[in-house]
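Protein chains in written order, with the working numbering: chain A, 265 to 486; chain B, 57 to 235.
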């Protein structure tokens with residue numbers, strides 16, 4: 265079955281892509297939504313432009329849809345890009361990296377249902393610590409490119425997800441009720457390398473934007 | 057040993073509809089065994105309880121083969137059917153499949169206790185079909201007037217939920233397993 269992946273470049277969409285490939289599905293395209301609304305509830309925004317480098321590293325075509333990111337209107341843009349991917353690549357289903365968010369997943373489910381496409385959520389309800397350890401165990405090189413909750417701050421930008429990071433998140437979960445994998449939107453990530461990349465991505469430069477507990481890092485990849 | 061029956065035709069759906077149930081049991085220290093519906097012949101005497109998981113909005117192959125589940129009529133062990141699992145109960149006991157799409161969180165009201173819940177409950181729906189159990193004499197409807205959301209067989213320990221308790225209502229699954 266040919267599938268398209270809703271791809272943000274973060275840990276969840278990369279892990280979902282890897283699982284789908286591992287289970288024998290053909291990933292025909294990646295679909296990236298580039299929202300101008302930096303506070304979008306629907307879409308990941310930090311370093312979203314660098315998804316093109318990830319797609320190149322995976323040798324999978326990328327379809328990009330820009331959206332002004334106005335609530336609910338962004339769903340029309342999402343539907344339109346999924347329909348475009350369906351037509352161009354003859355995909356029969358969509359893969360998402362949804363873990364806990366019923367807000368996001370139910371909207372995508374409805375669009376797929378309307379377009380008569382399967383909707384696959386291979387990380388759905390996955391334990392967040394298990395998810396983080398799966399990344400480490402399977403050699404995903406993931407860094408933080410956005411923080412949006414107390415007590416996270418600009419010092420977390422660029423941090424690699426490794427055992428030390430996971431232990432720290434477990435502590436923050438106890439103290440501040442932070443979701444360890446950032447499922448509440450506490451942080452966003454970018455994948456520099458994983459088992460389906462043909463080559464590792466290297467950061468050429470970056471710029472940080474934000475204040476207090478809300479920061480994002482825009483990467484430029486070599 | 058709890059038997060988990062996987063209705064999914066697509067193997068990638070296992071992660072969304074079956075693994076979350078396995079994780080709930082695993083975290084509670086309960087042993088389980090998983091079988092795909094195609095390979096299960098209704099040899100339920102070996103199992104303490106059975107859970108039939110749901111599947112995706114488009115994955116309806118199991119409905120074509122619902123006669124394979126006739127064993128449920130004679131089953132002596134408790135069964136919980138989730139979404140597609142509940143639809144199978146309806147068909148096996150003579151009900152008719154009807155169309156209704158509900159996706160996302162909805163509030164449902166339980167007048168009487170059902171698998172440890174009572175009153176208003178936010179539940180996660182993901183279905184295109186349902187069976188109206190109020191037309192079936194063998195079942196009592198615990199929730200849902202027009203669209204049966206939670207039902208129990210009047211004489212047997214057969215429970216059905218149209219919503220997905222593995223999302224936000226994990227305790228209902230544990231209540232079924234432990235009671």
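Here a beta-carbon is modelled for each residue, glycine too, at the ideal position from N, C-alpha and C.
Under DSSP, the alpha helix (DSSP H) around residue i begins and ends at which residues?
i	result
residue 160/B	Where residue 160/B is concerned, there is no enclosing alpha helix (DSSP H), although the beta strand (DSSP E) it sits in stretches over 153-170.
residue 383/A	From DSSP, residue 383/A is part of no alpha helix (DSSP H) but of the beta strand (DSSP E) over 382-384.
Identify, in the order they occur along the chain, each residue of the same chain with its Cβ nearer than 7 angstroms to the Cβ of residue i, setting aside the five sequence neighbours on each side.
i	result
residue 84/B	230
residue 316/A	326
residue 483/A	311, 314, 409, 454, 467, 470
residue 158/B	181, 183
residue 191/B	151
residue 330/A	298
residue 172/B	227, 228, 231
To the nearest angstrom, report how far apart residue i and residue j are at their CA atoms.
i	j	result
residue 430/A	residue 396/A	7 angstroms
residue 439/A	residue 277/A	28 angstroms
residue 147/B	residue 436/A	49 angstroms
residue 375/A	residue 332/A	19 angstroms
residue 236/B	residue 145/B	For chain B, the structure presents residues 57 to 235; residue 236/B sits outside this window and is missing.
residue 170/B	residue 343/A	38 angstroms
residue 487/A	residue 410/A	Not covered by the structure: residue 487/A. The range shown for chain A is 265 to 486.
residue 324/A	residue 116/B	30 angstroms
residue 363/A	residue 275/A	11 angstroms
residue 94/B	residue 319/A	37 angstroms
residue 165/B	residue 298/A	40 angstroms
residue 341/A	residue 334/A	10 angstroms
residue 414/A	residue 217/B	39 angstroms
residue 404/A	residue 66/B	26 angstroms
residue 109/B	residue 444/A	28 angstroms
residue 273/A	residue 161/B	28 angstroms
residue 124/B	residue 98/B	9 angstroms
residue 142/B	residue 301/A	41 angstroms
residue 307/A	residue 210/B	47 angstroms
residue 225/B	residue 205/B	14 angstroms
residue 422/A	residue 481/A	8 angstroms
residue 82/B	residue 295/A	35 angstroms
residue 464/A	residue 400/A	16 angstroms
residue 79/B	residue 137/B	17 angstroms
residue 234/B	residue 322/A	46 angstroms
residue 219/B	residue 113/B	12 angstroms
residue 309/A	residue 271/A	11 angstroms
residue 199/B	residue 215/B	12 angstroms
residue 122/B	residue 69/B	19 angstroms
For residue i, collect the residues of the same chain with a Cβ closer than 6 angstroms to its Cβ; drop the 5 residues on either side in sequence, then sort them by chain order.
i	result
residue 241/B	Residue 241/B falls outside the range modelled here, since chain B spans only 57 to 235, and no answer is possible.
residue 131/B	100
residue 222/B	76, 77
residue 353/A	292, 293
residue 149/B	192, 194
residue 174/B	166
Return no unless some Cβ of chain E is closer than 8 angstroms to the Cβ of residue i.
i	result
residue 230/B	Of the chains in the structure shown, none is chain E; the protein chains are A and B.
So, at 8 angstroms on beta carbons, what are the nonlocal neighbours of residue i in its own chain, with the 5 sequence-adjacent residues on each side left out?
i	result
residue 355/A	266, 267, 268, 292, 293, 349, 381
residue 418/A	411, 472, 474, 479
residue 387/A	276, 279, 280, 283, 361, 362, 363, 395
residue 434/A	393, 444
residue 451/A	408, 410, 411, 412, 413, 416, 420
residue 290/A	265, 266, 267
residue 447/A	363, 364, 365, 392
residue 58/B	81, 86, 87, 88, 89, 103, 104, 105, 106, 107, 233
residue 426/A	400
Looking at the secondary structure, which residues open and close the beta strand (DSSP E) in which residue i lies?
i	result
residue 206/B	206-209
residue 92/B	88-92
residue 181/B	173-187
residue 329/A	326-331
residue 227/B	Note, residue 227/B: premise wrong, no beta strand (DSSP E); alpha helix (DSSP H) at 226-234.
residue 298/A	290-299
residue 409/A	405-411
residue 117/B	Run containing residue 117/B: none in the beta strand (DSSP E); it sits in the alpha helix (DSSP H), 117-120.
residue 359/A	357-359
residue 472/A	467-475
Are there any heavy atoms of the ligand SAM lying less than 7 angstroms away from the beta-carbon of residue i, as far as the coordinates show?
i	result
residue 280/A	The ligand SAM is not among the ligands present in this structure, which contains no ligands whatsoever.
Near-chain B residues of the segment 374-403 of chain A (beta-carbon distance less than 9 angstroms), N- to C-terminal order: Within the segment 374-403 of chain A, contact with chain B at the beta-carbon level (separation under 9 angstroms) is assigned to 374, 376, 377, 380, 381, 382, 383, 384, 385, 386, 387, 388, 389, 390, 391, 394.
Validate contact between the segment 277-286 of chain A and the segment 355-370 of chain A using beta carbons, cut 8 angstroms, 3 pairs: yes
Residues from the segment 143-168 of chain B in contact with chain A, defined by Cβ distance under 9 angstroms: 157, 159, 160, 161
The segment 180-199 of chain B touching the segment 149-163 of chain B, judged by at least three CB pairs closer than 8 angstroms: yes
Proximal residues, the segment 66-85 of chain B versus chain A, C-beta separation under 7 angstroms: The residues in question are 66, 67, 68, 69, 71, 72, 76, 79.
Residues, ordered as in the chain, of the segment 176-201 of chain B that lie near chain A by beta-carbon distance below 9 angstroms: 180, 181, 182, 184
The segment 113-134 of chain B: positions lying closer than 9 angstroms to chain A by Cβ: 113, 114, 115
Selection of the segment 207-225 of chain B by Cβ proximity to chain A, strictly under 7 angstroms: From the segment 207-225 of chain B, only 222, 223 have a Cβ closer than 7 angstroms to chain A.
Residues of the segment 274-291 of chain A whose Cβ lies closer than 8 angstroms to any Cβ of chain B, in chain order: Among the residues of the segment 274-291 of chain A, those with a Cβ less than 8 angstroms away from any Cβ of chain B are 283, 284, 287, 288, 289, in the order of the chain.
Members of the segment 341-366 of chain A near chain B, C-beta cut-off 7 angstroms: For the segment 341-366 of chain A, the set of residues with a beta-carbon nearer than 7 angstroms to any beta-carbon of chain B comprises 366, in chain order.
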